[in-house]
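Q:
In my numbering, the protein residues as written are 595 to 810.
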């Protein structure tokens, strides 16, 4: 089946329009995320009561949902959400750091997508700046993925320190919080390495583009 030149031109126009939508969408996501983190930071630093979710818990009791349901042999929960009145400043800033780190990933990737989109619209994707942008995205993904669990663990330890030993699990049987727990997820490392390979592909494409320009 032969495609007419007019059809090819229409497809190119649609591709460029789609690319513009993605590029503008990335910019909008970045701006909205920046506004969100600013509003969230103000709330965290000024609110009297803060809600902290996902705090690890030990020796949890069986929830009521398991009662009278024969297929369920046992049920437990491994985290709890606490509403804390007048938390100390250090706890507030740790929560701000966690929020900012998550937003940094979104904002950073949005900026990089916007930058790469503009390069594609100019039909010059294989530039050295594109390689560095992709490499920066790889480093950002790895850094956020590795530091987020550490910040969460520090937050948990500071909350236990503020609330006192009464909230800790006791004697291996009493239900309570864990003083320190860090759960590492290596998937961000894998994603970062994959983006690093993409950066290498951009570098190779840049060389091919430079050689092609020399032949023209």
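Just so it is clear, CB atoms sit at the ideal spot from N, CA and C, and this is done for glycine as well.
Within the same chain, show all residues whose beta-carbon is closer than 6 Å to that of residue 656, passing over the 5 residues directly before and after it, in chain order.
A: 669
Q: Leaving out five residues before and five after residue 797 in sequence, what residues of the same chain have Cβ atoms less than 7 Å from its Cβ?
A: 725
Q: Between residue 702 and the rest of its own chain, which residues show a CB-CB distance below 6 Å, the 5 nearest in sequence each way excluded?
A: 734
Q: What does a CB cutoff of less than 8 Å around residue 616 pick up in its chain, not counting 5 residues either side in sequence?
A: 707, 711
Q: Taking 8 Å as the cut-off, decide whether the C-beta atoms of residue 654 and residue 769 are in contact.
A: yes
Q: Classify residue 717 as buried or exposed, calling it buried when 16 or more other Cβ atoms lie within 10 Å of its own Cβ.
A: Result: exposed.
Q: In this structure, does DSSP put residue 700 in helix, strand or coil?
A: helix
Q: Considering only the beta carbon of each residue, do residue 631 and residue 728 sit closer than 8 Å?
A: Not in contact: residue 631 and residue 728 (Cβ atoms no closer than 8 Å).
Q: Would residue 667 and residue 650 qualify as a contact pair, given that the criterion is a beta-carbon distance under 8 Å?
A: no
Q: DSSP has residue 674 in a bridge; who is on the other side?
A: 649
Q: Is the beta carbon of residue 688 sitting closer than 8 Å to the one on residue 773?
A: no
Q: Report buried or exposed for residue 665, applying the criterion of at least 16 other Cβ atoms within 10 angstroms of its Cβ.
A: exposed
Q: Compare the beta carbon distance of residue 682 and residue 637 with 8 Å and say whether it is the shorter of the two.
A: no
Q: From which residue to which residue does the alpha helix (DSSP H) around residue 743 run?
A: 722-757
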